[in-house]
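This report concerns only the one structure given below.
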Amino acid sequence: MRHIISLLMENEAGALSRVAGLFSARGYNIESLTVAPTEDQTMSRMTIVTSGSDDVIEQINKQLNKLVEVVAVMDMNEGDHLERELMLVKVRAVGEAREEMKRMADIFRGRIIDVTDRSYTMELTGSGSKLDSFLQAIDTSMILETVRTGACGIGRGDRILKL
Amino acid sequence: MELTGAEIAIRCLQEEGVEYVFGYPGGAVLFIYDALFNQDKVKHILVRHEQAAVHAADGYARSTDKVGVALVTSGPGATNAVTGIATAYMDSIPLVIISGQVPTSFIGEDAFQEVDTVGITRPCVKHNFLVKDVRDVASTIKKAFYLAKSGRPGPVLVDIPKDVSNQKTEFNYPTAVSVRSYHPAQHGEEGQIKQAAQLLLDAKRPMIYAGGGVVLSEASKQLIELVRLLGFPITNTLMGLGGYPATDKQFIGMLGMHGTYEANLAMHNCDVLLAVGARFDDRVIGNVAHFGQVPRKIIHIDIDPSSIAKRVRVDVPIVGDVAHVLGDLLAVLHSSKQQPDAQALVAWWKQIDEWRGKNCLLYRNSDEVIKPQFVLQKLYEITGGDAFITSDVGQHQMWTAQYYKFDQPRRWINSGGLGTMGFGLPAAMGVKLAHPDATVACVTGEGSIQMNIQELSTCKQFRLPIKVIALNNRYLGMVRQWQEFFHGNRYSESYMDALPDFVKLAEAYGHVGIRVTKPSDVEGALREAFARKNDLVFMDFQTDPTENVFPMVPGGKGLSEVILAEDL
Ligand SMILES: Cc1ncc(C[n+]2csc(CCOP(=O)(O)OP(=O)(O)O)c2C)c(N)n1
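Chains as they are written, first to last, in our numbering: chain A, -10 to 152; chain B, 271 to 838.
Okay, structure coming up:
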């Protein structure tokens, strides 16, 4: 099953490679991995999207907890959570497609953030699967470029990952 | 007063009560060597190869419950140390390795003798640090010792760039450390311990399986008390040998690939299994699916949560320090009115004794050719079972584990997890320095010994009268055995051609060499060697090249699918 695992780690050089190294050394999947500073300067927050059997996910959580620089780990899938990912897509926008692309952006609540006479660049946010659906909904030959941030997650309500 | 980073590093070692540093100098650690020169509290042992420095520190740590310390230079010094570090990591041995690094301003420029030591060692250390500021040297070394020794122990590396070792700052050794993200468990959860006690009391075919965690946690006393109280059979892993006295009647031998028939079958057929500081390694339980065929309840005590439920499903996980948890478990059992099921135990022991009756370690001795098992039996007799024995890796290692009956922890020193040939001799140096009055022997093969034979020179310099017992079968024996069993007798590159004359070699290094070719000379030679209290004696036993290690559970097979000597 797909899991979103969030962790707080010491904002130290090398912490990222410790986590990434753990995944490759033990053969765990990484669908996406994002990391950025938090409001606490000493810590950064990482979100890893991974998949595996329950046993593998349990091991991943334990192994992450074992890393000395990892301060806290939360498996988002153990409770209610929100998932968001940002995608920028550059699409062909000539002739009829110009209107069509605009309509698709509206349907998926995307925004067009850059326009040329031949292309649009759109911004979309949502769960990973929503972004996937967008890409599936438009003709692949129209896609010039995509870039995705990878998912980040946060617990709903009182579920808080903080030190 | 202000001190240099190098002086601070050495002061830290003094503060930690470090007796010996095993190392090898080079450009990036020159300031640290200078600081060593100016003091005499910490003694430096100059090895002949950095791998040996780490193994020696490791042997020191394994035999003492202290942290072993190694010091190496940047680049090749650090890469040479990697095998030693990985060896310690796999067996959870507390080490602090200090490595020199090129000056901070050179890092990343492919400078002379620059390697990314922190990057290279990352997967085989408990933690590592690159110290970029001299003000962090003391606190980092303090943390390194704390991390190495606490929780599940392991090697910690501190990489110190040359300029940092030469800059000055005020020295204050922190009295305490805390790492906010690191809280190893001590006590197990009370409810789980109670549940475990109940399972044990209700068991019909119980089994206790104890590993290296018992040794590391100094929990032998508690384990012995528990085993005696319950009257259950107990087995040790390769790493756990000595954690429970091998001569005790409840001990049914080592388990695993070359474990005893009775231990493996009891492990396979038990209905309640108490695993203590052991990790269900593939060499221990063989095929996981096969092991899972017999329904049984598993209680698993380990300090590392990630060792629990990693390879097998566990019913009662208990995360905590083995000694603490066993203490608490004993308290629960003592206060319980229920007794173990005596009737069921009688039947179970009857079954085990039947398995024992196979006498699976019996071998056919010979008047013509020296059987390796015979040498080890004699070694056991002559040393009164009271020596520190290190070993290398191969058949000789398994035979030693089978035939030397360790009654005390920390006496059996071997590379279990990584299986590092070349470990034995340097490890023995560390053991001998830690226990100068004890008998220390290294059991090795003619293959393994050549991987770190240069250390005979270190032994000469520091007067380390180790007894080297080389079981010389002219083959990479364990490889040959697998080729015989699984590769149609095609002995691809496992014959050790062009062997040196080990007697002359030992003499060239300034030691005593003895060659033994006849079974009738084995005992006399051993006696002579051990009588030479102040000499390193290298004994070259020319053993039967065709001998195999039995029993054997072939890789990927189940514990009950064992091959016995009598089967062939
Ligand atoms: C550094 C290293 N390289 C290779 C191996 C694979 N290996 C395991 S046992 C063995 C043979 C060891 O031969 P020897 O030391 O003569 O001991 P014997 O098995 O004959 O007792 C080898 C090559 C290893 N364990 N370690």
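Glycine is no exception: its CB is placed at the ideal position from the N, C-alpha and C atoms.
Owing to the predicted nature of the structure, the values given are computational and were not obtained by experimental measurement.
Asked: Compile a chain-ordered list of the residues in the stretch 51 to 74 of chain A whose CB is closer than 9 Å to at least one CB of chain B.; Found: Lys51, Gln52, Asn54, Lys55, Leu56, Val57, Glu58, Val59, Val60, Ala61
Asked: How long is the line joining the alpha carbons of B:Met721 and A:Leu124, rounded to whole angstroms?; Found: 58 Å
Asked: Checking the sheet assignment: what are the DSSP bridge partners for B:Val712?; Found: The sequence shown places Cys at residue 712 of chain B, rather than the Val named in the question. B:Thr660, B:Val738, per the DSSP bridge assignment.
Asked: Enumerate, from N- to C-terminal direction, the unbroken beta strand (DSSP E) stretches of 3 or more residues contained entirely within the stretch 544 to 587 of chain B.; Found: 567 to 572
Asked: In chain order, what residues of the stretch 21 to 51 of chain A put their CB closer than 8 Å to some CB of chain B?; Found: Asp44, Glu47, Gln48, Lys51
Asked: Relative to ligand 1, is the shortest distance from any of its heavy atoms to the C-beta of B:Gly689 smaller than 6 Å?; Found: yes
Asked: Starting from A:Thr23, trace the beta strand (DSSP E) both ways and give me its first and last residue.; Found: 21 to 26
Asked: For ligand 1, I want to know if B:Leu875 counts as a neighbour, meaning its beta carbon is within less than 6 Å of at least one of the ligand's heavy atoms.; Found: The shown model of chain B, from 271 to 838, leaves out residue 875 of chain B, and the question about it has no answer.
Asked: Mind pulling the chain A residues with CB within less than 8 Å of B:Arg392?; Found: Gly3, Ser6, Arg7, Gly10
Asked: So does B:Asn743 have its beta carbon nearer than 6 Å to some heavy atom of ligand 1?; Found: yes
Asked: For chain A, is any of its Cβ atoms less than 7 Å away from the one on B:Pro575?; Found: yes
Asked: Can you check DSSP and say which residues form a bridge with B:Gln371?; Found: B:Pro431
Asked: Are the CB atoms of B:His781 and B:Phe811 within a distance shorter than 7 Å?; Found: no
Asked: For chain A, find out if any of its Cβ atoms is closer than 7 Å to the Cβ of B:His560; answer yes or no.; Found: no
Asked: Less than 7 Å between the C-beta atoms of B:Ala356 and B:Cys394, yes or no?; Found: yes
Asked: Relative to the alpha-carbon of B:Arg744, which residue among B:His757, B:Glu320, B:Phe772, B:Gln724 has its alpha-carbon at the smallest distance?; Found: B:Phe772
Asked: Taking Cβ-Cβ distances shorter than 8 Å, what residues in chain A pair up with B:Arg839?; Found: The requested residue 839 of chain B does not occur in the structure, where chain B is confined to residues 271 to 838.
Asked: On the three-state DSSP scale, how would you describe B:Asn506?; Found: strand
Asked: Could you tell me the distance, in whole angstroms, from the CA atom of B:Val582 to the CA atom of B:Arg553?; Found: 14 Å
Asked: May I have the straight-line CA-CA distance separating B:Gly694 from B:Val312, to the nearest angstrom?; Found: 24 Å
Asked: Report the rounded CA-to-CA distance for B:Gly654 versus B:Ile578, giving the unit in angstroms.; Found: 37 Å
Asked: Take B:Glu384 as the anchor and find which of B:Arg634, B:Leu469, B:Asn534, B:Pro431 has the nearest alpha-carbon.; Found: B:Pro431
Asked: Just to check, is the beta-carbon of B:Glu716 closer than 6 Å to a non-hydrogen atom of ligand 1?; Found: yes
Asked: Output yes if chain B places a C-beta closer than 7 Å to the C-beta of A:Ala14; else output no.; Found: yes
Asked: Confirm, please, whether the CB-CB distance from B:Val595 to B:Gly458 is below 7 Å.; Found: yes
Asked: Once the 5 residues before and after B:Ala711 are set aside, which same chain residues still bring their CB inside 8 Å of it?; Found: Leu649, Thr653, Ala657, Phe658, Ile659, Thr660, Ala698, Ile736, Lys737, Val738, Ile739
Asked: Quick one, which of B:Thr391, B:Ala533, B:Lys567, B:Thr709 has its alpha-carbon nearest B:Leu471's?; Found: B:Lys567
Asked: Between A:Phe97 and A:Lys51, what straight-line distance do the alpha-carbon atoms span, to the nearest angstrom?; Found: 37 Å
Asked: Taking B:Leu417 as the query, report the chain A residues whose CB atoms sit under 8 Å from its CB, ordered along the chain.; Found: Val57
Asked: According to DSSP, is B:Asp810 helix, strand or coil?; Found: strand
Asked: Please compile the residues from chain A whose C-beta is within a distance smaller than 7 Å of the C-beta of B:His397.; Found: Val57
Asked: Is B:Phe755 helix, strand or coil when you go by DSSP?; Found: helix
Asked: Examine ligand 1 and report whether any of its heavy atoms sits within less than 6 Å of the Cβ of B:Gln724.; Found: no
Asked: Taking buried to mean at least 16 other C-beta atoms within 10 Å of its own C-beta, is B:Ser344 buried or exposed?; Found: buried
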